[in-house]
Structures are given as C-alpha cells and as structure tokens.
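Enquirer: Residue numbers (my numbering): 18 to 273.
We put the beta carbon where it would ideally sit given N, CA and C, even for glycine.
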Amino acid sequence: MAETAKDPAAHTSVWLEGKARRRGRGGGQPSGLDRDRITGAAVRLLDAEGLAGFSMRRLAAELNVTAMSVYWYVDTKDDLLELALDAAFGELAELLPDPADEDVDWRDQLRALARAYRDLLVRHPWLSPLAGTFLNVGPDHLAFTRVVQRVVRRTGVPTRGLGAAVAAVFQFVYGFGTIEGHFRARCTAVGMAPDDYFRHAMSEVRQVPPAADVVKEAGDIMAARGGDTVQEMWERDFDFALDLLIAGIEAMADRG
18 MAETAKDPAA HTSVWLEGKA RRRGRGGGQP SGLDRDRITG AAVRLLDAEG
68 LAGFSMRRLA AELNVTAMSV YWYVDTKDDL LELALDAAFG ELAELLPDPA
118 DEDVDWRDQL RALARAYRDL LVRHPWLSPL AGTFLNVGPD HLAFTRVVQR
168 VVRRTGVPTR GLGAAVAAVF QFVYGFGTIE GHFRARCTAV GMAPDDYFRH
218 AMSEVRQVPP AADVVKEAGD IMAARGGDTV QEMWERDFDF ALDLLIAGIE
268 AMADRG
C-alpha cells in the first residue's frame, strides 16, 4: 500500500514525537551546528524581527549555513518555534521560588511568579501567540507550571478552585504582558520612546470626538492612576491588579 502524506493537522508537539531528543539525523551533519545553537539563534531572531520576519531561510542566513543544514536538526518550522518557546521559559529557571519553603509567604511567591512571567512576555513579544498555539509540554514550561501549581496549593483554596485561581492570576498576567509587550514593540517600530509615543497617541485620540469623550470621562481615573512615566503607570496598574486577585484568592480560601 502506498504511504499517504502526513496530515499537518495531526501534528501535536515536538516533545511528544521523539524529535526533541534528536541531535542530528546521523552521519554527515553540518559541522559547527547543534540544536541548542539553532534554538538560541531562533530566539534572538524572533526578538529582533518578530514572528512575521521569521523564516528558516532567514535563520540559516544568521547562522551562515544553508536552510537544509537547519533541517538536519528540526523537521519543520513549527518544531523550531516550539523549541524556542520552551527555551524562553528556561530563562525563568533561576527565578522560580521553592514552594516547599514555608518561611516564605505564598503571596510573595505568587507575586514573584507573576512578575517573572510578565517580564518574559514583555521581553519576548512573539511568545504570547506561540503560547496559545502549542501544547506547551516542554521541560522548561512544565517546570514553571509545576511551581505555579504548588504555590497555589498553599493558598488554602479548595481543590475544585485551584485551576480557576491559576487561571485568574496567570491569564491576567498573559493579557497584561501581551499588551505591554506589543506596546513596546510598536514604540520600537516607529522609533519613539514609550513616553513620547503615549503622549502622541493621547493627542491623536483627543481629536476623534467619540474617543475624546471617553478619555474626558476617564480623566479622574487617569489622574488617580499616578505615575510620571508610562513605566510607572504600568507598574502601579499591575501591582494593584495583582493585589486585587490575591485578595480574591484569600477571600475564597476563607470561604472554603
């Protein structure tokens, strides 16, 4: 019977197909290359040019090799993007708190995890769309997930609510970090500092009557928000929102 082409929709994860362990396809592989080096170069290229500018051919040029040399170590572009995604989560390894350390309050550990995740999303704006695309079962992402789950277990929230508590905090962080990362990427793309871009955007918005009305109505919120810079506003909003979520977790734990 003739072999049929593999259905692209059947692809699950590079981590589930035995390909993540491969270090090359046998003899004759290109010298000077290995999967770690290729993955590191992919992360740097994604940081510099984003998902839209990423291609295997562009990556090969960065490595000064042919595209076929890269394919010696990965089967598809998706496989490489998934490896890059997990490698980015590897940056959190030294920041993960020890959930078994009962001398450290779970609230402080949860705040540390939330801030580390936010920083990662801002540092790598390409990460958020990939995180919503792949299964995220690489070792570094699983290490992060395991610590998150163990810290949230310390909150006292009933088991039936633990998943919701994780979602409340880390889906909030995902959204916040994604928007902040895209804002910074936009500032870089137009060659403006964040504060200058923010002032320019607000000036433009005030020239559109419906939008100007919304801005005027929210004037007291903006004034009370505080902060002389965009970064200060980001920080105050993030910290206060995170405190709201932690207070909610405390309330639900007390309710039992």
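Can the beta-carbon of residue 127 be found less than 8 Å from the beta-carbon of residue 186?
Expert: The sequence position of residue 127 within the sequence shown is 110, counting from 1. The sequence position of residue 186 within the sequence shown is 169, counting from 1. Cβ distance < 8 Å, so residue 127 and residue 186 count as in contact.
Enquirer: Please go through the region 149–187 and give each complete beta strand (DSSP E) segment of 3 or more residues, from N-terminal end onward.
Expert: none
Enquirer: Take every Cβ of the region 108–118, pair it with every Cβ of the region 78–90, and state whether three or more of those distances are shorter than 8 Å.
Expert: no
Enquirer: Please return the same chain residues whose Cβ sits closer than 6 Å to the Cβ of residue 270, not counting the five positions on each side in sequence.
Expert: Numbered from 1 along the sequence shown, position 253 holds the residue referred to as residue 270. Result list for residue 270: 172, 173 and 174, in chain order.
Enquirer: In the DSSP assignment, find the unbroken alpha helix (DSSP H) run with residue 80 in it and report its ends.
Expert: Working through the sequence shown from its first residue, we reach residue 80 at position 63. First-last of the alpha helix (DSSP H) with residue 80: 73–80.
Enquirer: Mind pulling the alpha helix (DSSP H) runs of 4 or more residues that sit fully within the region 207–231?
Expert: 211–222
Enquirer: Give, in chain order, every unbroken run of the alpha helix (DSSP H) that is at least 4 residues long and sits entirely within the region 81–131.
Expert: 84–88 and 94–106
Enquirer: What is the DSSP secondary structure of residue 142, reduced to helix, strand or coil?
Expert: Taking the sequence shown and counting its residues from 1, the one referred to as residue 142 is at position 125. Residue 142 falls in the coil class under three-state DSSP.
Enquirer: Tell me where the alpha helix (DSSP H) around residue 247 begins and ends.
Expert: Counting from one through the sequence shown, the residue named residue 247 turns up at place 230. The continuous alpha helix (DSSP H) containing residue 247 extends over residues 247–272.
Enquirer: By Cβ distance, which residues of its chain are closer than 6 Å to residue 114, with the 5 residues on each side in sequence left out?
Expert: As a working note, residue 114 is residue 97 in the sequence shown. The answer, listed in chain order, is 126 and 129.
Enquirer: Can you tell me whether residue 232 is buried or exposed, with buried defined as 16 or more other CB within 10 angstroms of its CB?
Expert: Taking the first residue of the sequence shown as 1, we reach residue 232 at position 215. Label assigned to residue 232: exposed.
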